[in-house]
Structures are given as structure tokens and as C-alpha cells.
Amino acid sequence: MVVLIIGLFISIFSYNLFLTEAHAIPVFARKYKTSCQTCHVAFPRLNAFGEAFRMNGYQFPQNDEGYVKEEPLPLGSPAWKKVWPEGIWPGQIPAMIPIALRVESLYRYDDRSEVTHDFTFPHELELLTGGTFGEDISFYGEITLFEEGETGKVGRLFLQFDNLFDSRLQRHLLNLKIGQFVPAAVPFASQRRLTLTDYLFNSFKVGKNNFQFSSAQRGLEVNGIIKSRFEHAFGAVNGNGTEAKDKSTDSYDNNSKKDIYIRLGYKLGGIGLDVTGMELRDEVVNIDLTENSIKFGAFGYLGENRIKYSNMKFDDKFYRYGFDLDTYYQNINLFGAILLGKDDNPSGNLKEIEVTAYLVEANYLFYPWLIGILRYEETSMNPGLRIGQVVPNLTVLIRANLKCIIEAQVSTKDDVSHKIFAGLDYAY
Numbered sequence: 007m008v009v010l011i012i013g014l015f016i017s018i019f020s021y022n023l024f025l026t027e028a029h030a031i032p033v034f035a036r037k038y039k040t041s042c043q044t045c046h047v048a049f050p051r052l053n054a055f056g057e058a059f060r061m062n063g064y065q066f067p068q069n070d071e072g073y074v075k076e077e078p079l080p081l082g083s084p085a086w087k088k089v090w091p092e093g094i095w096p097g098q099i100p101a102m103i104p105i106a107l108r109v110e111s112l113y114r115y116d117d118r119s120e121v122t123h124d125f126t127f128p129h130e131l132e133l134l135t136g137g138t139f140g141e142d143i144s145f146y147g148e149i150t151l152f153e154e155g156e157t158g159k160v161g162r163l164f165l166q167f168d169n170l171f172d173s174r175l176q177r178h179l180l181n182l183k184i185g186q187f188v189p190a191a192v193p194f195a196s197q198r199r200l201t202l203t204d205y206l207f208n209s210f211k212v213g214k215n216n217f218q219f220s221s222a223q224r225g226l227e228v229n230g231i232i233k234s235r236f237e238h239a240f241g242a243v244n245g246n247g248t249e250a251k252d253k254s255t256d257s258y259d260n261n262s263k264k265d266i267y268i269r270l271g272y273k274l275g276g277i278g279l280d281v282t283g284m285e286l287r288d289e290v291v292n293i294d295l296t297e298n299s300i301k302f303g304a305f306g307y308l309g310e311n312r313i314k315y316s317n318m319k320f321d322d323k324f325y326r327y328g329f330d331l332d333t334y335y336q337n338i339n340l341f342g343a344i345l346l347g348k349d350d351n352p353s354g355n356l357k358e359i360e361v362t363a364y365l366v367e368a369n370y371l372f373y374p375w376l377i378g379i380l381r382y383e384e385t386s387m388n389p390g391l392r393i394g395q396v397v398p399n400l401t402v403l404i405r406a407n408l409k410c411i412i413e414a415q416v417s418t419k420d421d422v423s424h425k426i427f428a429g430l431d432y433a434y
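This is the structure in C-alpha cells:
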């Protein structure tokens, strides 16, 4: 049955590969009239240029206006800049509402489930938005309309003020992010992974504490780039994810203390984090996006969560820190990270739990439209569980905005289920 269904997927996709090529047109592709591959290896995984585009507030790091093909709607005349502060500084909004949809559909085989075979069509439906309000004010949003039977949830939604004080400071040095976002301490965000299976590194929980490393958080973040190669970020967030407002305290946070985090990184080789070293051309689609590079990172996160379980209420102080590496060499992208941490009281029994997590993943481009992926990851808690899994994946881009995924999730423990997935993922 599994072979039959996966074979049907492959047959359909193989046929489509020989049809006329089409470019993807989600939000930013419309704005710049370019393919998704300008910023993505395969959506949502970013290439080096895409990372620079994201870090610069979803605008081209150099001469953004020169690449915009969808003219924005001006809010005020440029002449108002000369009379400020007696007038409002002129801005812009997108001429068309910047909205895109992303749809994920899956077939799942689980050898230990009562329902061995399952179609989840659709599995997830997301509304995406992003853009700028003129130069150096950017926004991004991700709203889940439907996921695993549940409806209505805001994932990420934030505003970023880019290149602050750049008349006195180096450009790209200082940005301020405000809203609901994934903290920069997370080295590889789950929202930008290629696999259907989430990173254990990001998704594990300790005891009764619901904190997950890659959850979106409400807060503030200062980030930027120093001399093209060095990245920095520091933030303060609520720490309890995207939980609903607690009417008893009239608050979204479950305690008064804020979680804080830091990230530092340095890149060797390839283009700079602000695309220094890349030859930009009039037509974005013709930019050479290949590179050989290595990027080192270090991160730390310090938090406290108030936990309500049964009739108990208790606080858990915890920390996470670690190191990450992201390398590109010709057609291979190899990346990984290690995380260490400790929770003081995650189960309400005043007993500490130490945690270690790591992942290693290799992505290989057989062709620009065919990507092979292999990941090994493990999470261990002392005292507690030790979980590991191998995730092989084959991703086929039928179009720049439409992909087929064949994937397995193989646990290293005999008493845990093994899964096989076949999926469709598309955005428009």
C-alpha cells in the first residue's frame, strides 16, 4: 500500500517535470518579478542571498528601489522630508495587498498507529504577508488558517525598523524588531526547514514546561550586521510562546519576568551578510547564487516559566546555550548545532533536569529541482528520556512554488513508531 501510494505521487510529479517551466509568484516574487529561487534553495529554506534579504528587513541590501517592479503607493510627497518635523515623514504601502497562501497536504504511514495509512489533505493552510512601508520599515506575518484540524492561529507577525541612525552609524548595524517572532537565538528555525519532520532540537519539552526553543515569542529584539561578516542579536520576550490572554491577570505573559537571549555569528567566504562581494545586476533572476562559505554561531537563552498543572502552580528557571555551524561547498549544504541546558524545577518536584540536543543535516542538490536530505538528531535528558531519529528526504521542485516530498522518520528506539510521508507543498 505504501509503495503504491508513493509510486502514484512520483508518477504524477515526473510527468509534471516535463511541462512548461513556470515561475513562482508569492509576495516578494511579485514585488520584484523574480523566481522563488532568487532567495530560496527550495522554499522555505533560504540561500545565502535570501538570508541577507531577510536580515535586511525584506528589502535588497543595496539599491532596493532599483529592483522593485511593482511600484508602491506613496503616502506623501518626498518634499515633506525637507520640512520635517513640521510635517509627517513620507512613506509607502504596497500597491497591491501583499498576501500569499501556502498549502501543505500529506499522506502518512505509521507502523504503530491504529490508523496505519492517513490522508491529510490539506494538512496546513497558511496566510503569508510581508513587505516594507517605504525605506527601512519592514513587516512580516504568518497566520495559520488551518492546521491538523484546528483553525485560526497567529504564528509570526512583527514590524522591524531597519538601519537605525545610519547617518551616524554603519548601515545594517542596528535594527529593532517588535512583535511576535522566532528569537534570533534559534540557529535553524523550524519555519524555514525543508523536511516535513520538525527538528527535535527545536521541539522538545522538559517535564511540564511547555517551552519549545523555536516557538514564536512576543517581545523586542535588537539585531544587525557589523562590517559585512559579523552578526549580532539581543532580545527580551515573554517566554510563554503565543498563549492566549489570561483574563485573571489581564496579561499574555504568565509571569512578570522576561526571558532574554543573545546570538553572535561570523561568516567566512561567500558573499557578506549584507551581500558585499556579490555582483548585483539589473535583472535579479540572473544573479549568481552559488557560493563556498562557512558560518559559525553561538547562542544563549535564559528564561523562567510559570507552570500550571492539575492543582499545582510552580516556577521553572531554565537556560539553553550552544553553538552552530552552516557550510556551503558547491552543491552541498552541511549544517548542525549542539545545545546544552538545565531546568531547575520543570515537574514541580524541585528536581533539576539537564538536557543535551544536537542535529546534523546534509542537503545535496542533484539538480536545482532535485534535493536529497539526510539528518540525524538526538535529544537526551538526565534524568529522563533519550530520543534519536534519522530523517531521509527527497524534495522535487515541480515548479519554483510547488514541490513534492518523500520522507521517512526512523527512530533509533525500537519501541517508537517509524513513519513514511509523501507530501505536496505549494504557495501562490
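Positions 7 to 434 (the numbering used here) are the ones given, in order, by the sequence shown.
Glycine included, C-beta positions come from ideal geometry on N, C-alpha and C.
Local Cβ density within 10 Å of residue i, reported as buried at 16 or more and exposed below that
i: Met121; result: According to the sequence displayed, residue 121 carries Val and not Met. Classification for Val121: exposed.
i: Asp252; result: exposed
i: Gln415; result: buried
i: Ala35; result: buried
i: Val89; result: exposed
i: Ala101; result: exposed
i: Asn388; result: exposed
i: Asp420; result: exposed
i: Arg118; result: exposed
i: Leu107; result: exposed
i: Ile184; result: exposed
i: Leu408; result: buried
i: Tyr315; result: exposed
i: Thr418; result: exposed
i: Asn298; result: exposed
Residue from the options with nearest C-alpha to residue i
i: Leu1; options: Ile338, Asn399, Val361; result: Residue 1 lies beyond the range of the chain shown here (7 to 434); nothing can be said about it.
i: Tyr334; options: Val281, Leu274, Pro352; result: Leu274
i: Leu202; options: Gly328, Cys45, Arg114, Tyr370; result: Arg114
i: Lys214; options: Ile266, Asn355, Tyr373; result: Asn355
i: Gly82; options: Glu71, Gln68, Tyr73, Gly97; result: Gly97
i: Ile149; options: Leu163, Ile143, Leu391; result: Leu163
i: Glu154; options: Asn181, Ala191, Val109; result: Val109
i: Val74; options: Glu156, Ile300, Lys37, Arg326; result: Lys37
i: Gln432; options: Pro104, Glu130, Arg269, Cys45; result: The sequence given here has Tyr at residue 432, not Gln. For the residues Pro104, Glu130, Arg269, Cys45, the minimum Cα distance to Tyr432 belongs to Glu130.
i: Met371; options: Ile393, Ser254, Asn399, Asn337; result: A small correction: the amino acid at residue 371 is Leu; Met does not occupy that position in the sequence shown. Checking every option, the nearest Cα to that of Leu371 belongs to Asn337.
i: Ala250; options: His238, Arg224, Glu57; result: Arg224
Backbone CA spacing between residue i and residue j [nearest angstrom]
i: Gln218; j: Gln197; result: 13 angstroms
i: Glu383; j: Ala195; result: 15 angstroms
i: Phe304; j: Gly230; result: First, the amino acid is wrong: residue 304 is Ala here, not Phe. Roughly 15 angstroms between the two C-alpha positions.
i: Tyr307; j: Ser221; result: 13 angstroms
i: Lys323; j: Phe127; result: 40 angstroms
i: Gly140; j: Trp86; result: 14 angstroms
i: Phe125; j: His178; result: 46 angstroms
i: Phe329; j: Phe302; result: 8 angstroms
i: Thr138; j: Ile266; result: 27 angstroms
i: Asp321; j: Pro67; result: 43 angstroms
i: Tyr21; j: Thr135; result: Any answer about Tyr21 is weak, because its pLDDT of 39 lies below 50 and its placement is not dependable; what the coordinates show is given next. So the two alpha carbons sit approximately 32 angstroms from each other.
i: Asn339; j: Ser111; result: 26 angstroms
i: Ile377; j: Leu200; result: 10 angstroms
i: Pro84; j: Gly93; result: 11 angstroms
i: Trp95; j: Ser173; result: 16 angstroms
i: Glu310; j: Asp349; result: 9 angstroms
i: Pro374; j: Ile412; result: 17 angstroms
i: Tyr146; j: Leu165; result: 7 angstroms
i: Gln395; j: Ala343; result: 15 angstroms
Chain C contact for residue i (CB, 8 angstroms cutoff)
i: Asn337; result: Annotation note: the requested chain C is absent from the structure, which comprises a single protein chain.
(request) For the segment 354 to 370 and the segment 195 to 215, state whether three or more C-beta atom pairs, one from each stretch, are separated by less than 8 angstroms. (result) In short, these stretches touch, since the Cβ pair count reaches three.
(message) Count Cβ pairs between the segment 261 to 281 and the segment 50 to 64 that sit closer than 8 angstroms; are there 3 or more?
(response) yes
(request) At 4 residues or longer, and completely inside the segment 159 to 209: list those alpha helix (DSSP H) runs for me, N to C. (result) 206 to 209
(message) Three or more C-beta pairs under 8 angstroms: does that hold for the segment 404 to 412 against the segment 240 to 251?
(response) no
(message) List, from N- to C-terminal side, the alpha helix (DSSP H) runs of 4 residues or more that fit wholly inside the segment 61 to 144.
(response) 86 to 89
(request) Could you pull out every unbroken beta strand (DSSP E) segment of at least 3 residues lying fully inside the segment 316 to 348, listed in chain order? (result) 318 to 335
(message) Runs of 3 residues minimum, wholly inside the segment 224 to 265: which ones carry the beta strand (DSSP E) assignment?
(response) As for any beta strand (DSSP E) of minimum length 3 sitting wholly inside the segment 224 to 265, the runs are 236 to 243, ordered along the chain.
(message) Threshold first: 4 residues or longer. Then list the alpha helix (DSSP H) segments lying entirely within the segment 337 to 402, N to C.
(response) none
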